[in-house]
Every structure is written in structure tokens, then in C-alpha cells.
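A.B. asks:
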Amino acid sequence: MATATLLDQAAILASGRKNSAIPGFESLRATTSISKVALQKRNSSRKNGNNGIRMTLTTDSTTLSQRTRPTKDPSSPEFLPIPSFEECFPNSTREFKEVVHEDTDVTLRVPFRRVHLSGGEPPCDLYLTSGPQNLNARAGLPHLRKSWIEKREARGNERCTQMYYAKQGIITEEMLYCATRENLDPEFVRSEVARGRAIIPSNKRHLELEPMIIGRKFLVKVNANIGNSAVTSSIEEEVQKLQWSTMWGADTIMDLSTGRHIHETREWIMRNSPVPVGTVPIYQALEKVDGIAENLTWEVFRDTLIEQAEQGVDYFTIHAGVLLRFIPLTAKRMTGIVSRGGSIHAKWCLAHHKENFAYEHWDDILDICNKYDISLSIGDGLRPGSIYDANDAAQFSELATQGELTRRAWEKDVQVMNEGPGHIPMHKIPENMEKQLDWCSEAPFYTLGPLTTDIAPGYDHITSAIGAANIGALGTALLCYVTPKEHLGLPNRDDVKAGVIAYKIAAHAADLAKQHPQAQAWDDALSKARFEFRWRDQFALSLDPVTAQSFHDETLPAEGAKVAHFCSMCGPKFCSMSITEDVRKYAEEHGYGDADEAIKQGMEKMSAEFLNAKKTISAFGLVTRCSQDNTERIIMVAIARIRSQSRLQRFCFLSSWRIDSSHRPVCMNDVQTFSSLHASSQNQR
64 MATATLLDQA AILASGRKNS AIPGFESLRA TTSISKVALQ KRNSSRKNGN
114 NGIRMTLTTD STTLSQRTRP TKDPSSPEFL PIPSFEECFP NSTREFKEVV
164 HEDTDVTLRV PFRRVHLSGG EPPCDLYLTS GPQNLNARAG LPHLRKSWIE
214 KREARGNERC TQMYYAKQGI ITEEMLYCAT RENLDPEFVR SEVARGRAII
264 PSNKRHLELE PMIIGRKFLV KVNANIGNSA VTSSIEEEVQ KLQWSTMWGA
314 DTIMDLSTGR HIHETREWIM RNSPVPVGTV PIYQALEKVD GIAENLTWEV
364 FRDTLIEQAE QGVDYFTIHA GVLLRFIPLT AKRMTGIVSR GGSIHAKWCL
414 AHHKENFAYE HWDDILDICN KYDISLSIGD GLRPGSIYDA NDAAQFSELA
464 TQGELTRRAW EKDVQVMNEG PGHIPMHKIP ENMEKQLDWC SEAPFYTLGP
514 LTTDIAPGYD HITSAIGAAN IGALGTALLC YVTPKEHLGL PNRDDVKAGV
564 IAYKIAAHAA DLAKQHPQAQ AWDDALSKAR FEFRWRDQFA LSLDPVTAQS
614 FHDETLPAEG AKVAHFCSMC GPKFCSMSIT EDVRKYAEEH GYGDADEAIK
664 QGMEKMSAEF LNAKKTISAF GLVTRCSQDN TERIIMVAIA RIRSQSRLQR
714 FCFLSSWRID SSHRPVCMND VQTFSSLHAS SQNQR
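Okay, so the sequence shown: first residue is 64 according to our numbering, each after it adds one.
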């Protein structure tokens with residue numbers, strides 16, 4: 064039996080929901096083809112009589128195989144729903160900020176997630192990527208940008224890119240939208256786009272897009288890769304992966320389909336995506352020549368670019384930096400060329416002994432991108448695929464070429480970001496960021512991880528999130544997620560969520576390190592809720608509220624546990640935060656005031672006790688005490704044992720304090736050897 068996920072629960076709860084908050088839904092009614100459903104209840108007896116129930120849905124293997132069957136009719140997929148926004152984020156609502164675009168007098172409604180807190184705490188407003196909710200996937204999303212594009216095209220400009228308008232000093236609707244999402248000045252957004260340090264991927268054919276910005280001076284963004292393969296998946300599953308990844312915070316997605324119905328799969332994804340969509344066009348071009356790389360031509364590739372541009376693809380990954388002369392540099396690598404796009408171009412170059420046609424026709428590619436306002440993600444086809452190959456000549460040769468191609472793109476007002484590795488140990492990560500900023504003139508950096516070790520198949524979302532947090536803090540603008548299935552198989556919806564959550568953690572950690580003005584407010588809100596034992600607020604503020612609450616409910620499911628001042632880790636007697644609360648209450652009741660005042664009062668009280676007691680105080684082995692000129696003198700001797708080679712050497716440090724009538728230290732002196740101190744102490748006794 065295979066355990067089903069929230070997505071399976073949603074399929075069952077698609078209609079006739081009754082108090083169906085997840086977890087802990089009360090009733091189920093099968094509305095899909097799922098043939099076997101079992102509710103497993105685990106009752107835990109409590110002294111107060113409450114029973115904790117943990118529910119799990121299971122489905123048999125036959126049902127799972129039916130869900131992954133190929134699409135029968137690409138023009139009419141049988142879409143299944145996913146859990147609603149309300150089910151995924153309890154106590155949160157989708158709200159909007161309204162802002163007027165002055166040049167066009169258009170009112171923009173910018174979405175955000177508002178977390179409602181208890182105890183009179185103000186709500187916490189968070190960045191939101193999930194897009195409009197409760198819509199029919201067959202109908203697609205609303206055309207948010209339709210009027211913007213129509214007014215812009217009516218001007219008759221030859222160029223329509225965000226970079227072009229930014230250079231002209233024009234703040235577009237997209238720029239204002241991004242500035243509102245990030246709580247920044249629209250003029251700052253415009254200046255960063257004009258300089259090339261930030262991009263707003265926004266094909267004029269992608270009318271459903273909610274614009275976002277990618278740049279190192281903005282929030283670190285996360286990309287989620289989806290797409291079918293020749294072995295598995297369907298249109299229905301890929302659209303659900305899109306919806307599921309954006310629900311949990313993916314800022315962009317890439318459709319990397321290489322199997323059946325590539326065009327149709329991409330069309331359904333485009334019409335249902337509120338975030339920018341990227342592709343690797345060489346994949347579809349290869350399909351058009353029956354998978355034979357040697358048969359590729361510039362004409363086939365060009366037609367594929369135009370086809371995808373018309374559908375609304377927001378950015379292309381093109382491996383134009385894989386040059387013929389760089390390919391021999393990979394010969395001594397442990398893992399060779401691991402990029403699919405890079406290997407296709409390399410094979411073509413070697414077969415024809417010609418330069419990469421994407422490099423040769425770079426200006427033609429720029430003209431296509433300019434016409435549609437498509438951004439370019441210059442691929443790292445020679446990225447290292449193992450720790451052994453990190454930071455080698457092949458990798459950095461391609462990076463330098465990326466810089467050349469970036470500057471050529473800017474001349475035609477095409478937005479660009481540079482793709483980076485890969486597999487890089489932590490001590491070699493800074494060099495990648497430094498070289499990219501220098502060689503590529505500060506264009507946004509977009510990295511796959513990097514993975515910091517090769518030893519953890521099945522956990523590469525963790526090995527790579529470590530590297531992602533590091534390189535994000537150094538300035539990488541977009542992090543391409545890695546799922547637990549990396550190197551093992553095509554990720555399913557659960558893997559997509561695991562990858563997105565891991566990378567949202569990495570991105571937020573980087574934002575904190577960069578001291579983004581909005582980053583720490585989220586942490587502070589959750590920390591305060593944790594210290595005050597507002598459990599439901601903790602759940603609501605977390606990246607994944609459902610999982611957070613389910614972990615808590617495994618051991619303390621009763622409603623009363625949601626107000627208890629402890630969890631199952633420490634219990635009621637050993638909770639440090641509860642004890643700290645008690646200490647603060649005690650201090651307040653006894654008039655200690657704030658922390659500094661309490662410390663001062665405590666020190667004065669102890670000093671008085673020492674003076675009145677006139678006893679020898681023992682600390683670290685030996686202490687003597689004497690009186691001189693009505694001033695108490697405390698001599699504390701600390702004996703430290705330090706191992707040096709094979710012998711123990713003893714050192715004794717004598718610190719002497721004179722304490723005046725107000726008990727404040729006025730001087731410190733003397734360092735003597737142990738023998739002299741010992742003799743001195745014996746004489747004083």
C-alpha cells in the first residue's frame with residue numbers, strides 16, 4: 064500500500080466538503096477514480112479523556128498507476144484539484160494592495176498573504192506566489208496584463224522590453240507591480256533593470272503573469288523544475304506540479320518536458336501559470352529531429368524559439384557558451400558534461416566540427432527575444448557534475464563567454480541572467496560568485512544549488528540547499544531547486560513540494576544574511592509566537608503550516624495542548640521558555656525592573672554578603688583573602704591544564720581585584736607561576 068498525499072485528499076474532497084480542513088477532516092466522499100480508501104485512526108488515551116486521532120489516506124498500487132497513465136486527449140486533460148489555499152494556510156487570507164500607475168491611470172491589485180494572529184498581535188503580511196484560486200484549469204487564469212500590453216503596443220515602439228523602457232526612464236506597470244510586492248521604491252526597480260542588475264521576465268504573450276523581479280538587491284527567488292519525460296508523467300500531473308509548486312512559494316517554474324505532447328503540455332502550463340515560465344528550447348528542437356543531435360540545424364532551433372515565444376514563454380535557457388574549443392577541457396573530468404542542453408550542443412559541434420550554432424546566431428536570437436520581451440538565461444552547459452570537477456577550466460571558460468554574450472544582449476535591450484553550477488564544495492563557492500559578478504558585469508546569477516557533497520542520493524534537496532543558502536547570501540538572485548529525486552528519477556508532486564520548501568528556507572536565510580528590509584519581520588513574528596506559546600500562530604506563520612501542526616499533533620493532539628506552555632520534547636517541567644517566563648514574572652513581582660536593573664541589584668546584594676561573611680571563596684582550586692586599608696581584596700587563582708605534546712604543563716593565573724566601598728572593580732594585576740602562588744597562599748594561611 065502506498066501512502067497518499069494532500070493532493071489525493073483533495074481529489075477525494077473535490078466536492079461536498081464538510082469541515083474538511085487538513086489535517087483532521089471529518090468526512091470523505093469519493094468523487095474520483097480512486098478505488099480504495101482507508102482511514103487509519105490512532106487513538107491515544109489522555110488523562111483528561113481526550114483522544115488524539117491521526118488520519119492517513121492510503122491507496123492501492125492499481126490506483127496509483129491509473130493516476131500516472133498518459134494523457135488520452137491533450138486538448139482536454141482530466142485535471143484533478145489540489146488542496147485549497149485555505150487548507151494549506153490556515154488563518155491566512157489572500158489580500159491585495161492597490162496602487163495606481165500614474166502614466167496610464169491603471170489600478171494594480173498586488174496580492175499578498177496575510178497571516179492573522181491571536182492575542183491582539185498585528186497580522187504578518189508575506190510575499191505570495193500562488194496566483195488566483197478556485198479556478199477551472201481548462202479555462203486558465205485571468206488575463207491580468209492584457210490592457211497593459213495593448214496600451215503599450217498602441218505606441219508602436221519597435222522594442223518592447225522592460226530593459227528598453229527602463230533605459231528610457233519609464234516605469235512600466237510590471238515595474239510598479241514588482242516594487243509593490245517587495246515594498247521598494249519603483250524608481251529603484253527601474254534603475255536596477257536599466258543597469259542589467261535585475262530582470263523582470265515577462266513575455267508580452269503571457270497575459271496571466273503576476274510580474275516578479277530577479278536581482279541580487281531583491282528577495283532571493285526560487286525556481287521549480289517540472290516537465291514530463293519519455294518514461295513517465297502526463298499533462299494533468301505537470302499542471303498539478305505547477306499549481307503545487309507555486310502554492311508553496313516557487314517564484315518561477317521551468318517546463319523541461321522531453322516526452323510526449325511537449326507543445327500541448329507547455330500550452331496548458333502557460334495558461335495556468337501566475338509566475339514566469341522558462342524552457343530549454345533545444346529539448347523540443349531535438350524531438351523535431353527524432354532525438355538525433357547531429358540532425359539539428361539553426362533553422363529548426365529558430366522555429367522552435369518562435370513557437371515557444373508565441374505561447375508566452377518568459378525566459379529561454381540557451382547554452383550558447385558551449386564553444387567547440389571548450390569541449391576538450393572536459394576530457395579529464397570525472398563526470399564529463401552533465402547538462403542535457405550542454406551535451407546536445409557539444410555532440411553537434413563535434414559531429415560537424417563547427418562552432419555552436421546558438422553562439423553563431425546570437426544576434427538572431429536577440430532579435431526574437433526583443434520582439435516578445437523574452438529574457439535570456441544563458442545556460443551553463445559545462446557546469447561541474449561532481450565535487451571533483453568543481454571550478455575547473457571548462458566551467459570558468461564558459462562563464463567568461465557568458466559575460467561576453469550578456470553585454471551583447473544588453474546592447475539590444477534584452478534582459479539576461481547567467482546560470483551557474485552545479486556541484487561545488489563550500490570553500491569554493493565564493494570564487495564562483497566573485498567571478499560571475501566581475502566577468503558578467505553584475506547580471507543576475509541563477510544557480511542549481513550548488514550541491515555541496517555527492518554522498519547523499521535521496522537527500523540532495525538538503526545537500527544543495529546548504530550551498531544555495533551560502534551562494535544566495537553572497538549575491539545569487541535565483542536558486543533553482545533540487546528535489547529528493549535528483550540523480551534518481553522524475554520528481555512527483557511530493558518531491559516538488561519538498562524541493563520548494565527546502566529552497567524557500569535557503570532563500571530566506573540568504574535574505575536575512577543580506578539584511579533585506581522585510582526579511583526579519585517574519586522571523587520575529589514566529590519567534591514571539593513561539594516564546595508566548597501561541598501554538599496556532601506558530602503553525603500559521605510557518606512555511607508549511609499543515610506539516611508543522613501534524614508533527615505537534617502526533618504526541619499532543621488535544622485542543623488543550625494548543626494553549627499549553629510546553630511541547631512533548633521537554634514536557635511541563637523542563638521547558639526553557641516556560642522557565643524563562645517564570646523568571647521574568649518573579650523579577651517583575653519583586654520590583655527588579657528591566658534586566659540591567661535586576662543584574663545591578665543582584666551584584667550589589669552578593670557583594671554585601673561576601674563582605675559580611677568574611678569567608679574564603681573557592682574557585683578553580685585555590686583562593687585567598689586578606690584585608691588592607693579597609694579594602695577587601697579577593698585573590699582568585701585559576702589552574703588550567705594544557706596538553707602540550709605528551710606532557711601536561713600547569714599554568715596558574717592570578718587575578719587581583721580591589722573592591723572599594725561601592726563594590727566596583729578598580730584594577731587587575733599579576734600573573735605568577737603555580738609554585739610561588741602556592742607558597743604565598745600557605746604563608747597567608
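Every residue, glycine too, gets a C-beta built ideally from N, C-alpha and C.
No experiment lies behind these values; they were computed from the predicted model shown.
Could you pull out every residue in the same chain whose Cβ sits closer than 6 angstroms to the Cβ of A356, ignoring the five residues on either side in sequence?
C.D. replies: If we look at A356 and ignore the five residues flanking it on each side, its Cβ neighbours are I407, K410, W411.
A.B. asks: Do you know whose CA, among E300, E237, R253, lies nearest H269's CA?
C.D. replies: Measuring from the Cα of H269, the nearest candidate turns out to be E237.
A.B. asks: Starting from L589, trace the beta strand (DSSP E) both ways and give me its first and last residue.
C.D. replies: That residue, L589, is in no beta strand (DSSP E); its alpha helix (DSSP H) goes 582-594.
A.B. asks: Could you tell me whether the stretch 227-236 touches the stretch 292-302, using the rule of 3 or more Cβ pairs below 8 angstroms?
C.D. replies: Counting Cβ pairs under 8 angstroms, fewer than three are found: no touch.
A.B. asks: Can you say whether Y451 is buried or exposed, counting buried as having 16 or more other CB atoms within 10 angstroms of its CB?
C.D. replies: Y451 should be labelled exposed.
A.B. asks: Less than 8 angstroms between the beta carbons of S147 and A603, yes or no?
C.D. replies: No, they are not a contact pair.
A.B. asks: My output table needs one value for D426: the three-state DSSP class, helix, strand or coil.
C.D. replies: Note: D426 maps to helix in three-state DSSP.
A.B. asks: Restricting to Cα atoms, I'd like to know which of Y190, E271, V256 is closest to L282.
C.D. replies: Of the listed residues, the one whose Cα sits closest to L282 is Y190.
A.B. asks: If R425 sits next to A372, beta carbons under 8 angstroms apart, how far is it from one beta carbon to the other, in whole angstroms?
C.D. replies: In the sequence on display, residue 425 carries Trp and not Arg. Going by Cβ atoms, the distance from W425 to A372 rounds to 16 angstroms, so no, they are not a contact pair.
A.B. asks: Buried or exposed: which applies to F379, given that a residue is buried once 16 or more other Cβ atoms fall within 10 Å of its Cβ?
C.D. replies: Counting Cβ neighbours within 10 Å, F379 comes out buried, since at least 16 surround it.
A.B. asks: To the nearest angstrom, report how far apart G399 and D455 are at their CA atoms.
C.D. replies: Approximately 11 angstroms, taken between the alpha carbons.
A.B. asks: State the Cα-Cα distance for the pair I496 and E461, rounded to the nearest angstrom.
C.D. replies: Note that residue 496 is Met in the sequence shown here, rather than Ile. Their Cα atoms are separated by approximately 14 angstroms.
A.B. asks: I need the straight-line Cα distance from A463 to L619, nearest angstrom please.
C.D. replies: A463 and L619: Cα-Cα distance of roughly 56 angstroms.
A.B. asks: What residue range is occupied by the uninterrupted beta strand (DSSP E) comprising G483?
C.D. replies: That run of the beta strand (DSSP E) goes 479-483.
A.B. asks: According to DSSP, simplified to helix, strand and coil, what is A701?
C.D. replies: Confidence at A701 is low in this model, with a pLDDT of 40, below 50, so the placement of that residue is unreliable and no value is reported for it.
A.B. asks: Return the chain-ordered list of same chain residues with a C-beta closer than 8 angstroms to the C-beta of E418, the five sequence neighbours on each side being excluded.
C.D. replies: If we look at E418 and ignore the five residues flanking it on each side, its Cβ neighbours are L386, L387, C412.
A.B. asks: Who pairs with M317 in a beta bridge, going by DSSP?
C.D. replies: M317 pairs with N288, G341.
A.B. asks: Nearest to Y435 by CA position, among R471, K491, V401, V376, is which residue?
C.D. replies: Cα-wise, what sits closest to Y435 is V376.
A.B. asks: List in chain order: all unbroken beta strand (DSSP E) runs of 3+ residues lying wholly within the stretch 199-256.
C.D. replies: Fully enclosed beta strand (DSSP E) runs of 3 or longer: not present.
A.B. asks: Alpha carbon to alpha carbon, what distance is there between A592 and E660?
C.D. replies: About 26 angstroms.
A.B. asks: Are there 16 or more other CB atoms within 10 angstroms of the CB of L198, so buried, or fewer, so exposed?
C.D. replies: Flag for L198 reads exposed.
A.B. asks: For my contact list, A287 and V563 are in at a C-beta cut-off of 8 angstroms; report their separation, rounded to the angstrom.
C.D. replies: The pair is a contact, with the Cβ atoms about 6 angstroms apart (cut-off 8 angstroms).
A.B. asks: Label K560 either buried or exposed according to how many other C-beta atoms from any shown protein chain fall within 10 Å of its C-beta, with 16 as the threshold for buried.
C.D. replies: Buried: at least 16 other Cβ atoms inside 10 Å.
A.B. asks: For a quick check, are the C-beta atoms of N433 and D366 less than 8 angstroms apart?
C.D. replies: No, the Cβ-Cβ distance between N433 and D366 is not below 8 angstroms.
A.B. asks: So, helix, strand or coil for R388, using DSSP?
C.D. replies: Of the three classes helix, strand and coil, the one that applies to R388 here is helix, per DSSP.
A.B. asks: In chain order, which alpha helix (DSSP H) runs of at least 4 residues are fully inside the stretch 489-545?
C.D. replies: The qualifying runs are 492-502, 523-537.
A.B. asks: Buried or exposed: where does V163 fall if 16 or more other Cβ atoms within 10 Å of its Cβ makes it buried?
C.D. replies: So V163 ends up on the exposed side.
A.B. asks: Throw me the rounded Cβ distance for the A540 and I277 pair, which I believe falls under 8 angstroms.
C.D. replies: About 5 angstroms; that satisfies the 8 angstroms criterion.
A.B. asks: From the DSSP output, which residues share a beta bridge with K160?
C.D. replies: Looking at the DSSP assignment, K160 forms a beta bridge with V173.
A.B. asks: From L368 to I431, what does the alpha carbon distance come to, in whole angstroms?
C.D. replies: Looking at the two C-alpha atoms, the distance is approximately 8 angstroms.
A.B. asks: What's the gap between the Cα of F716 and the Cα of P513?
C.D. replies: Because F716 carries a pLDDT of 38, less than 50, the predicted location of this residue cannot be relied on, and no value is offered for it.
A.B. asks: Of the choices D166, L180, G442, S138, whose alpha-carbon is the least far from that of W598?
C.D. replies: Comparing Cα-Cα distances from W598 to each of D166, L180, G442, S138, the minimum goes to L180.
A.B. asks: Counting along the chain, where does the beta strand (DSSP E) carrying L439 start and finish?
C.D. replies: Per DSSP, L439 belongs to the beta strand (DSSP E) from 438-441.
A.B. asks: Please report the straight-line C-alpha distance between P174 and H571, rounded to a whole angstrom.
C.D. replies: Cα to Cα, P174 sits roughly 19 angstroms from H571.
A.B. asks: So, helix, strand or coil for A261, using DSSP?
C.D. replies: The answer is strand: DSSP assigns A261 an E or B state.
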